[in-house]
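Taking it in order: structure first as structure tokens, then the write-up.
Below is the structure:
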């Protein structure tokens with residue numbers, strides 16, 4: 001009986017998949033009828049309805065969720081990369097979908113789900129009977145509080161890319177079981193791709209995107225909210241006269257304290273001569289939200305200094321109250337027949353609350369001081385324990401190490417997996433310029449997967465993956481990089497001679513600079529913390545954001561998060577106690593709140609501290625800031 005019941009369950013799932021396929025292919029057929037004009041080459045293209053139906057039949061053959069270790073994913077573009085929910089205790093990344101052009105020049109779309117463990121460097125492939133159909137240009141979003149992972153939309157095309165199909169389906173991914181669930185929603189955003197999603201309160205927000213119907217492309221500017229408690233979509237509408245961003249796709253959509261922020265993007269507009277041209281957006285907008293979604297409004301942001309040059313294909317990732325941007329491309333049309341493109345490989349940080357941009361540059365790891373007092377760390381720990389116990393009214397023996405002081409601490413591994421650290425090669429050069437790379441931020445590290453680079457009429461999907469520590473910026477960890485042959489084909493070898501000439505000129509300039517520096521007086525290579533505070537006053541002359549919370553302790557130059565917390569723990573603990581008005585939190589919960597505020601404060605002023613460090617190094621060639629123990633007893637001086 002149990003077996004028969006299992007077979008019936010499988011049959012029901014297969015029928016359900018076929019029913020969903022019929023609804024999808026019916027919409028695809030309508031879109032296909034609108035494209036009535038085809039060339040001779042189009043007639044040889046495969047029927048998109050037949051392709052989708054075949055995928056659905058193959059999908060129904062999977063009887064259960066299966067997870068198996070696998071080599072790294074094949075090269076692809078327009079895939080999504082998101083971090084796993086934090087409360088699962090795993091340092092993992094999810095990669096889903098994407099597309100690629102095979103050796104015969106035909107387009108291939110993927111619906112495989114990969115899970116990457118950043119600690120073990122192991123990839124696993126997930127197959128299940130209820131996986132979304134192949135697609136690219138879709139959007140996925142992790143709701144940090146609940147751990148809900150939402151997928152919406154995307155596109156699919158025939159092998160020769162003559163006909164397109166846009167999805168309008170909504171899916172949930174369980175981060176623990178890796179199982180997909182399709183939501184049957186009556187009201188939802190229209191089918192699209194190139195849209196962006198972010199989170200706020202108990203909502204996941206969706207904005208923009210486009211629909212390509214072969215003969216015409218429509219760009220969208222509507223706004224939707226998905227309630228993670230009811231699993232329902234709600235459109236946020238605005239008055240006709242209300243100001244709002246122009247329709248766009250491929251933009252940045254970031255969470256903010258009072259809503260969300262939109263930056264950049266791309267669309268096609270009609271000029272006064274009725275000519276359709278591409279438009280690269282470089283404007284920024286704040287979405288002001290409240291629990292009553294009928295009172296929502298858009299506010300345009302002022303342009304700020306240090307902003308990156310106009311570009312597309314570079315959506316920002318959210319990290320500690322700021323957006324992290326990598327790469328992009330800008331097209332310059334010289335004639336009607338040629339198109340010159342500029343590709344970028346730089347990294348920018350965008351402070352959301354202050355509306356300020358900061359370029360992020362790599363620098364070699366700082367040398368640690370040779371002479372350190374062995375008792376220093378233990379003495380500070382003992383004092384910290386005594387102070388916290390006094391504030392909380394607890395005994396001196398309570399363990400104060402429960403706060404997360406080290407972001408590199410090992411997470412829990414699965415029962416069948418032993419955590420082993422993997423050392424990747426590190427370079428001080430940013431990855432090769434590209435656009436449309438899949439990026440994600442996981443525990444203060446930016447991960448960059450794939451991307452596209454063009455040389456003349458040839459397009460290269462770069463097979464690579466990197467990680468950058470956003471706190472240290474001490475180099476780029478190369479997880480893998482396998483496109484040397486592509487660069488050689490693109491004629492990089494011929495350009496190496498020109499690069500060599502430039503390097504020789506740079507070396508001559510550096511030699512001249514060194515001769516000038518030798519004539520100057522040597523600056524001290526070690527500095528006390530109080531002396532660093534005096535020099536930090538020069539930050540007023542820098543173009544940095546004003547301090548939104550000057551009443552909180554401020555990080556010092558060259559001070560790590562661990563040291564900052566050790567120095568200011570008492571002040572942040574007092575804040576945690578004063579905020580606990582109902583007295584519901586005790587002990588470890590208060591310590592956790594204190595550390596979270598300290599960590600938020602450290603990242604809030606990170607760009608300012610970094611600018612001060614750079615200026616201090618230019619002024620005196622500082623080797624290291626060393627904090628010494630406070631002296632006790634009488635001084636003999």
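Numbering (UniProt numbering), first residue to last: 1 to 637. By construction, the Cβ of each residue, glycine as well, lies at the ideal position given by its N, Cα and C atoms. Remember, it's a predicted structure, so these values are computed and weren't measured experimentally.
Which residue wins for smallest C-alpha separation from residue i, given the options the options?
i	options	result
residue 479	449, 459, 466	466
residue 305	274, 359, 347, 278	359
residue 286	265, 129, 477, 253	253
residue 126	468, 72, 427, 169	72
residue 219	86, 279, 457	279
residue 444	181, 174, 346, 320	320
residue 431	458, 423, 477	477
residue 100	69, 158, 89	158
residue 640	324, 49, 178, 140	Residue coverage of the chain in this structure runs from 1 to 637, which leaves residue 640 outside it and unanswerable.
residue 303	314, 357, 290, 169	357
residue 364	97, 614, 87	614
residue 547	579, 602, 434	602
residue 124	138, 133, 69	69
residue 332	354, 277, 353	277
residue 96	122, 121, 103, 137	137
residue 361	428, 597, 54, 296	428
residue 424	67, 120, 105, 47	120
residue 605	168, 211, 550	550
Sorted by chain position, which residues of the same chain lie with C-beta nearer than 7 Å to residue i's C-beta, five sequence neighbours on each side aside?
i	result
residue 442	83, 91, 93, 118
residue 533	Summary for residue 533: the model assigns pLDDT 45, below 50, so the residue's position carries little reliability, and this model does not support an answer.
residue 609	555, 557
residue 282	264, 310
residue 459	452
residue 482	463, 464
residue 243	298, 300
residue 436	77, 78, 313, 451, 452
Spatial neighbours of residue i within its chain, please: CB distance less than 6 Å, with the 5 preceding and 5 following residues excluded, ordered by chain position.
i	result
residue 587	none
residue 568	553
residue 342	330
residue 403	Because residue 403 carries a pLDDT of 44, less than 50, the predicted location of this residue cannot be relied on, and the following value inherits that uncertainty. Once the five neighbours on either side are set aside, the close Cβ partners of residue 403 are 591, 595.
residue 468	446, 476
residue 176	88
residue 182	171
residue 201	none
residue 589	none
residue 426	475, 477
residue 490	455
residue 39	Low confidence applies to residue 39: its pLDDT is 41, below 50, so where it sits in the model is not reliable enough to give any reading.
Considering residue i, what are the terminal residues of the alpha helix (DSSP H) in which it resides?
i	result
residue 562	561-579
residue 598	588-604
residue 486	484-489
I'd like the span of the beta strand (DSSP E) that includes residue i, first residue to last.
i	result
residue 442	438-442
residue 180	180-183
residue 448	445-449
residue 352	Unbroken run through residue 352: none, as it is neither H nor E.
residue 261	259-270
residue 141	139-142
residue 102	That residue, residue 102, is in no beta strand (DSSP E); it is neither H nor E in DSSP.
residue 329	322-332
residue 316	Here residue 316 belongs to no beta strand (DSSP E), and DSSP marks it neither H nor E.
residue 124	122-127
residue 311	Here residue 311 belongs to no beta strand (DSSP E), and DSSP marks it neither H nor E.
Taking CB distances under 8 Å as the criterion, tell me whether residue i reaches chain B.
i	result
residue 201	Absent from the structure is chain B; it holds one protein chain and no more.
Apart from the five residues just before and just after residue i, which ones in its own chain have a Cβ nearer than 8 Å to its Cβ?
i	result
residue 461	75, 76, 77, 100, 101, 450, 451, 452
residue 179	65, 128, 130, 173
residue 439	81, 315, 317, 324, 326, 446, 447, 448, 449
Should the segment 143-150 be regarded as contacting the segment 108-118, the criterion being three or more beta carbon pairs within less than 8 Å?
no
Can you confirm whether the segment 188-198 touches the segment 149-161 when touching is taken to mean that 3 or more C-beta pairs between the two stretches lie within less than 8 Å?
yes
Contact between the segment 560-576 and the segment 591-600 (3+ Cβ pairs under 8 Å):
yes
Taking one C-beta from the segment 258-270 and one from the segment 233-240 each time, how about it: are there three or more such pairs within less than 8 Å?
no
Can you confirm whether the segment 222-230 touches the segment 193-208 when touching is taken to mean that 3 or more C-beta pairs between the two stretches lie within less than 8 Å?
yes
Counting only runs that start and end within the segment 223-252, where is the beta strand (DSSP E) found for 3 or more residues in a row?
232-236
What are the uninterrupted segments assigned as beta strand (DSSP E) that are 3 or more residues long and contained completely in the segment 457-482, given in chain order?
458-461, 464-469, 476-481
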